[in-house]
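Chemist: Residue numbers (our numbering): 2 to 240.
Think of the CB as a built atom: it goes at the ideal place given N, C-alpha and C, for glycine as much as any other residue.
Every value quoted in this text rests on a predicted model; they were computed, and no experiment measured them.
1) Are residue 233 and residue 190 close, meaning C-beta to C-beta below 7 Å?
2) Thinking residue 222 and residue 166 are a contact (beta carbons under 8 Å), I'd like their distance in whole angstroms, please.
3) Can you name, in chain order, every residue of its own chain whose Cβ lies under 7 Å from the Cβ of residue 128, other than the five neighbours on each side?
4) Quick one: what's got a C-beta closer than 6 Å to residue 172's C-beta in the same chain, skipping five residues either side?
5) Here's the rule I'm using: 16 or more other beta-carbon atoms within 10 Å means buried, otherwise exposed. How should residue 40 be labelled?
6) Exposed or buried, residue 168, counting other C-beta atoms within 10 Å across all chains shown (16 or more means buried)?
7) Nearest-angstrom Cα distance between residue 187 and residue 163?
8) Work out the CA separation of residue 86 and residue 137 for me, nearest whole Å.
9) Return the first residue and the last residue of the alpha helix (DSSP H) that residue 135 is part of.
10) Do residue 147 and residue 112 have their CB atoms nearer than 7 Å?
11) Look at residue 72 and residue 120 and say whether their C-beta atoms are less than 7 Å apart.
12) Can the beta-carbon of residue 102 be found closer than 7 Å to that of residue 123?
13) Let me make sure I understand the geometry here. Which of 83, 151 and 50 has the alpha-carbon closest to that of residue 25?
14) Identify which residue in 16, 181 and 201 has its Cα closest to the Cα of residue 160.
15) Does residue 222 come out as helix, strand or coil in the three-state DSSP assignment?
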């Protein structure tokens, strides 16, 4: 697999991700407390994905590590990454993450930014021809399946997209879900993502990009919508 990402840069990014995944505090939780028993540390609540300040950043960092090692099998940090994944993505930890989602209070947990990043990690592992990755991918299936079901339940009821350029941006979450659904042959999610993208964004004209960025944006609402629709439309229609 060729890439413009150099081995030196991949190694530098990997070292940053490894250091931050293991750093439990400071932490920002997306955690609704139903009773006193729900008071717990990030490690206790999320044994697979604690660290990196918040849950979605930890998932993102795992994806970065998988991608870096997939692009550069000779990565100096490869052994450390494999050891980390063996621990963090162990089936018991993934089952605990799935159980957390099953709490009534967790219905909107990480919607949809974290959902998209979890499916992006699942896609990366599923499409990687590596014996360890096959095992990690298999163990991640229960959590990925749970987020697929969340998309399938949420999208039909979502009348309007969230357009501002922050974590809850609908186009971002939809793009990553569509990538996963196509790569992993989940036709129900593929069809729903395509239909929702057309419903929400196909009528759009004259994007007010001159108003970007707002003070809270880290994504361009216009560009992330375009990035989604290039996945949805053929070349002529997109042009």
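Modeler: Quick answer:
1) no
2) 5 Å
3) 184
4) 225, 226 and 229
5) exposed
6) buried
7) 24 Å
8) 7 Å
9) 132-155
10) no
11) no
12) no
13) 50
14) 201
15) helix
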